[in-house]
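Asks: This structure is in structure tokens; I'll ask about it shortly.
Here's what the structure looks like:
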């Protein structure tokens, strides 16, 4: 004789007589992994073998599930492309500066915490009156780290060219960072002078990483004339305002065939993560680390933020939606 039951809202027939335990085993369900409600009353698991089912009983059998609709699906990991700048492969996508620290020792400690392999350095006159004064190279070994000479403080193409020619003579560096500033208030790049200097440096066989505005057209022009990396600003140098124009940064990333490295204006780790989530290849951070209350701790935070942002970019973020979308599937509700 068949036993007619309502099971999870559907009419079903089973052999009679039958206990709750026998029903679960008939359905190939592990009694330890489900909960049973009979006629709106919960059946204690300890009584499954004793509770007999009657004609017309209404049963709900529930279990925990994940929030997705396809629990068994596992996405294949996306392999990241290496971070290569002018033929140099770097494990870290973070580059840090060497200005504004309280001491060279603090700078060196922050560098270790950041995991960076490349540091920006400025060229300045030797203090001939103090030949024994501490030097950057005594704390940060140029044989261990990639020195990136820059043209900080230059306001004309001629000044920048002179500086980088001296840098190559002083240390043999051909990989350089070019920045030609437009004015002292905003420190925005003078893009006309920047383009002119880039053309000359490329002809002289420098590998030029170029600080520039966040204009996608000018960024593309720099790439076309031979820049080794495009370095759009997030915000004015040293401002800590974070990325002000995500749309333009994203456009620069989408069109670039050379590394895009956000330079200037980062204030904290979340700014670095956002830049990396936009698809940037790397970050340069100086003031945000050097002027933090604990520069070494902030350097570590920047390292983690750059790594997290890159992983988020590779994973492919969810689409933005205008209205709510429940995490748990609606099918199977009690």
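In the working numbering, the protein residues as written are 12 to 345.
The beta-carbon is built from N, C-alpha and C at its ideal position, and this holds for glycine as well.
(1) According to the Cβ coordinates, are residue 14 and residue 48 closer than 9 angstroms?
(2) According to the neighbour-count rule (16 or more other Cβ atoms, all chains shown, within 10 Å of its Cβ), is residue 1 buried or exposed?
(3) Pair every Cβ in the stretch 172–184 with every Cβ in the stretch 256–263, then say whether three or more of these pairs are closer than 8 angstroms.
(4) Relative to the alpha-carbon of residue 215, which residue among 62, 36, 187 has its alpha-carbon at the smallest distance?
(5) Just list the residues that DSSP pairs residue 15 with in beta bridges.
(6) Taking all protein chains shown into account, decide if residue 314 is buried (16 or more other Cβ within 10 angstroms of its Cβ) or exposed.
(7) Who pairs with residue 291 in a beta bridge, going by DSSP?
(8) How is residue 254 classed by DSSP in three states: helix, strand or coil?
(9) Give me the Cβ distance between residue 246 and residue 275, rounded to the nearest whole Å; I'm assuming they're in contact under 8 angstroms.
(10) Which residues mark the beginning and the end of the alpha helix (DSSP H) in which residue 313 is found?
(11) Here's a check: name, in chain order, each residue in its chain whose Cβ is nearer than 8 angstroms to the Cβ of residue 199, leaving out the five neighbours to either side.
(12) Which whole runs of the alpha helix (DSSP H) in the stretch 96–158 are 4 residues long or more, in chain order?
(13) In or out: residue 242 buried (at least 16 other Cβ within 10 Å) or exposed?
(14) Inspect the beta-carbon positions of residue 127 and residue 307 and report whether they are closer than 9 angstroms.
(15) If we count the other Cβ atoms within 10 Å of its Cβ and call it buried at 16 or more, is residue 99 buried or exposed?
(16) Nearest to residue 75 by CA position, among 28, 43, 204, is which residue?
(17) Pick out whichever of 179, 152, 279, 103 has its Cα sitting closest to the Cα of residue 321.
(18) I'd like the list of long-range same chain contacts for residue 140, defined as Cβ closer than 7 angstroms, with 5 residues on each side in sequence excluded.
(19) Given this structure, state the Cα-to-Cα distance separating residue 71 from residue 335, to the nearest angstrom.
(20) Can you name the start and end residues of the beta strand (DSSP E) that residue 242 belongs to?
(21) Hey, out of 151, 210, 132, 221, whose CA is closest to residue 179's CA?
(22) Is it true that the CB of residue 293 sits closer than 9 angstroms to the CB of residue 53?
(23) Between the alpha carbons of residue 146 and residue 115, how many angstroms are there, rounded?
(24) Report the residue from 290, 300, 312 whose alpha carbon sits nearest the alpha carbon of residue 328.
(25) How would you call residue 282, buried or exposed, if buried means at least 16 neighbouring beta carbons within 10 angstroms?
(26) Given a cut-off of 9 angstroms on the beta-carbon distance, is the pair residue 238 and residue 266 in contact?
Replies: Taking the coordinates as given:
(1) What you label residue 14 is simply residue 3 of the chain shown in a count that begins at 1. What you label residue 48 is simply residue 37 of the chain shown in a count that begins at 1. Their beta carbons are not under 9 angstroms apart, which means residue 14 does not touch residue 48 by this criterion.
(2) Because the chain here runs from 12 to 345, residue 1 falls outside it and cannot be looked at.
(3) For the pair of segments examined, the stretch 172–184 was found not to touch the stretch 256–263: the number of CB pairs separated by less than 8 angstroms stays below three.
(4) Reading the chain shown from its first residue, position 204 is the one you call residue 215. The residue with the shortest Cα to Cα distance from residue 215 is 187.
(5) Within the chain shown, the letter at position 4 stands for residue 15. Residue 15 is bridged by DSSP to 24.
(6) Locating residue 314 in the chain shown gives position 303, where the first residue counts as 1. By the neighbour-count rule (16 or more Cβ atoms within 10 Å), residue 314 is buried.
(7) Stepping through the chain shown from its first residue, residue 291 is reached at position 280. BP columns for residue 291 are empty, so no partner.
(8) Start at 1 with the first residue of the chain shown, and residue 254 comes out as number 243. Residue 254 carries a coil assignment under DSSP once its states are collapsed to helix, strand and coil.
(9) The count along the chain shown starts at 1 and reaches residue 246 at position 235. The count along the chain shown starts at 1 and reaches residue 275 at position 264. A Cβ-Cβ distance of about 7 angstroms is found for the pair residue 246 and residue 275, placing them in contact under the 8 angstroms criterion.
(10) By one-based count along the chain shown, residue 313 stands at place 302. Membership of residue 313 in the alpha helix (DSSP H) is indicated by the continuous run 306–326.
(11) In the chain shown, the residue the question calls residue 199 occupies position 188. Cβ-Cβ distances below 8 angstroms link residue 199 to 192, 193, 224, 244, 247 in the same chain, with the five nearest sequence neighbours on each side left out; the list follows chain order.
(12) Taken in chain order, the complete alpha helix (DSSP H) segments of 4 residues or longer contained in the stretch 96–158 are 115–125.
(13) Residue 242 sits at position 231 when you count from the first residue of the chain shown. So residue 242 counts as buried.
(14) Position 116 of the chain shown, counted from the first residue, corresponds to residue 127. Position 296 of the chain shown, counted from the first residue, corresponds to residue 307. Note that the C-beta distance between residue 127 and residue 307 is not below 9 angstroms.
(15) Counted from its first residue, the chain shown places residue 99 at position 88. Here residue 99 is exposed, its C-beta having fewer than 16 other C-beta atoms within 10 Å.
(16) Translated into the one-based positions of the chain shown, residue 75 becomes position 64. Taking the Cα of residue 75 as reference, the smallest distance to any Cα among 28, 43, 204 is reached at 43.
(17) Position 310 of the chain shown, counting from 1, holds the residue named residue 321. Among 179, 152, 279, 103, the Cα nearest to that of residue 321 belongs to 103.
(18) Your numbering for residue 140 matches position 129 in the chain shown. Caution is warranted here: a pLDDT of 46 is assigned to residue 140, below 50, making its placement in the model unreliable, and no coordinate value can be reported.
(19) Translated into the one-based positions of the chain shown, residue 71 becomes position 60. Translated into the one-based positions of the chain shown, residue 335 becomes position 324. So the two alpha carbons sit approximately 28 angstroms from each other.
(20) Here residue 242 corresponds to residue number 231 of the chain shown, with the count starting at 1. Taken as a continuous stretch (DSSP letters only), the beta strand (DSSP E) holding residue 242 covers 240–243.
(21) As a position in the chain shown, residue 179 is number 168, starting the count at 1. Closest in C-alpha terms to residue 179, from the list 151, 210, 132, 221, comes 132.
(22) The residue given as residue 53 occupies position 42 in the chain shown. The residue given as residue 293 occupies position 282 in the chain shown. Contact: no.
(23) Taking the chain shown and counting its residues from 1, the one referred to as residue 146 is at position 135. Taking the chain shown and counting its residues from 1, the one referred to as residue 115 is at position 104. Distance between the alpha carbons of residue 146 and residue 115 is about 8 angstroms.
(24) By one-based count along the chain shown, residue 328 stands at place 317. Measuring C-alpha to C-alpha distances from residue 328 to each of 290, 300, 312 identifies 290 as the nearest.
(25) The residue you call residue 282 lines up with position 271 of the chain shown. With 16 or more neighbouring CB atoms inside 10 Å of its own CB, residue 282 falls in the buried class.
(26) Your numbering for residue 238 matches position 227 in the chain shown. Your numbering for residue 266 matches position 255 in the chain shown. Contact: no.
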